[in-house]
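Visitor:
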Amino acid sequence: MKKSVFDQLDDLDQKILTILLQDGRTPYAEIGKLLHVSPGTVHVRIKKLTELGVIIGNHIEVDYKLLGYDICSFLGIYLEKSSYYDKVANELKKLPEVVSAHYTTGNYSIFAKLICKDTQHLRDILSNKIQSIEGIQRTETFISLEETIERPLMLVEI
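Mapping of the sequence shown onto numbering that gives the first Met the number 0: position 10 corresponds to residue 9, and the numbering continues sequentially without gaps.
So this is what it looks like as structure tokens:
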């Protein structure tokens with residue numbers, strides 16, 4: 000686990016991060032205007048945040064339904080033994096439908112999120128790919144009916 004760099008971040012850094020979390024494409028000039036600093040200052044701060052490992056990439060959000068992927072599901076995975084975790088996680092990484100996976104406490108060893116075209120696609124992924132991975136004892140599937148909240152953590156109020 001990475002050591003916290005919070006003590007190296009001042010109020011301006013936190014405000015810049017908060018703006019970028021809301022919209023990662025916000026131009027430096029617009030951020031500067033909102034925070035009353037120059038775009039150059041924003042650029043330097045973002046470079047610092049990247050070098051510290053706070054900013055680790057940039058992503059876009061996609062409406063998968065418009066691309067024909069209508070099913071969002073969650074999968075609780077029971078492992079035969081916890082020692083299978085690394086092997087199973089590496090196999091899950093090979094499946095593009097698995098968009099996130101977490102090593103968890105509680106009932107499941109792994110909790111994963113899948114995006115599929117339809118229920119037949121989901122069934123195929125489960126039956127022919129995931130459940131055949133060595134080390135997986137069994138799975139439980141939950142289909143999302145609606146996503147109510149999806150948001151980044153807001154660090155400070157702007």
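Every residue, glycine too, gets a C-beta built ideally from N, C-alpha and C.
The model shown is predicted, which means the values in this text are computed figures rather than measured ones.
Specify, as a first and last residue, the run of the alpha helix (DSSP H) that isoleucine 30 falls within.
Guide: Working through the sequence shown from its first residue, we reach residue 30 at position 31. Start and end: 27–34.
Visitor: Is it buried or exposed for aspartate 12, if we count other Cβ within 10 angstroms and need 16 for buried?
Guide: The residue given as residue 12 occupies position 13 in the sequence shown. The residue is buried, with at least 16 neighbouring Cβ atoms inside 10 Å.
Visitor: Quick check on the burial criterion: 16 or more other C-beta atoms within 10 angstroms. Buried or exposed for serine 108?
Guide: Your numbering for residue 108 matches position 109 in the sequence shown. Buried, by the Cβ-count rule.
Visitor: So lysine 86 is in the alpha helix (DSSP H); what residue range does that whole segment cover?
Guide: Reading the sequence shown from its first residue, position 87 is the one you call residue 86. Looking at the DSSP string, the run of the alpha helix (DSSP H) that includes lysine 86 is 84–92.
Visitor: Confirm, please, whether the CB-CB distance from leucine 121 to threonine 138 is below 8 Å.
Guide: Taking the first residue of the sequence shown as position 1, residue 138 is located at position 139. Taking the first residue of the sequence shown as position 1, residue 121 is located at position 122. No.
Visitor: Inspect the beta-carbon positions of tyrosine 63 and valine 41 and report whether they are closer than 8 Å.
Guide: Taking the sequence shown and counting its residues from 1, the one referred to as residue 63 is at position 64. Taking the sequence shown and counting its residues from 1, the one referred to as residue 41 is at position 42. For tyrosine 63 and valine 41, no; Cβs fall outside 8 Å.
Visitor: Report the residue ranges of all beta strand (DSSP E) runs contained in full by the segment 44–125; include only those spanning at least 3 residues, in chain order.
Guide: 70–78, 97–102 and 109–115
Visitor: Cα separation between isoleucine 142 and isoleucine 18?
Guide: Taking the first residue of the sequence shown as 1, we reach residue 142 at position 143. Taking the first residue of the sequence shown as 1, we reach residue 18 at position 19. Going by the C-alpha atoms only, they are around 32 Å apart.
Visitor: Cβ of leucine 48 within 8 Å of Cβ of leucine 154?
Guide: Counted from its first residue, the sequence shown places residue 48 at position 49. Counted from its first residue, the sequence shown places residue 154 at position 155. No. Outside cutoff.
Visitor: May I ask you to verify whether the segment 53–60 touches the segment 71–84, counting CB pairs closer than 8 Å and requiring at least 3?
Guide: no
Visitor: Measuring CA to CA, which of Val97, Gly31 and Glu156 is closest to cysteine 115?
Guide: Taking the sequence shown and counting its residues from 1, one reaches residue 115 at position 116. Of the listed residues, the one whose Cα sits closest to cysteine 115 is Val97.
Visitor: Just to confirm, is the Cβ distance from leucine 152 to lysine 128 under 8 Å?
Guide: Walking along the sequence shown from the start, residue 152 turns up at place 153. Walking along the sequence shown from the start, residue 128 turns up at place 129. No, they are not a contact pair.
Visitor: Compute the Euclidean distance between the alpha carbons of glutamate 133 and valine 87, then round it to the nearest angstrom.
Guide: Taking the first residue of the sequence shown as 1, we reach residue 133 at position 134. Taking the first residue of the sequence shown as 1, we reach residue 87 at position 88. Between glutamate 133 and valine 87, the C-alpha separation is close to 7 Å.
Visitor: Beta carbon of isoleucine 157, beta carbon of lysine 32: below 8 Å?
Guide: Within the sequence shown, the letter at position 158 stands for residue 157. Within the sequence shown, the letter at position 33 stands for residue 32. No, they are not a contact pair.
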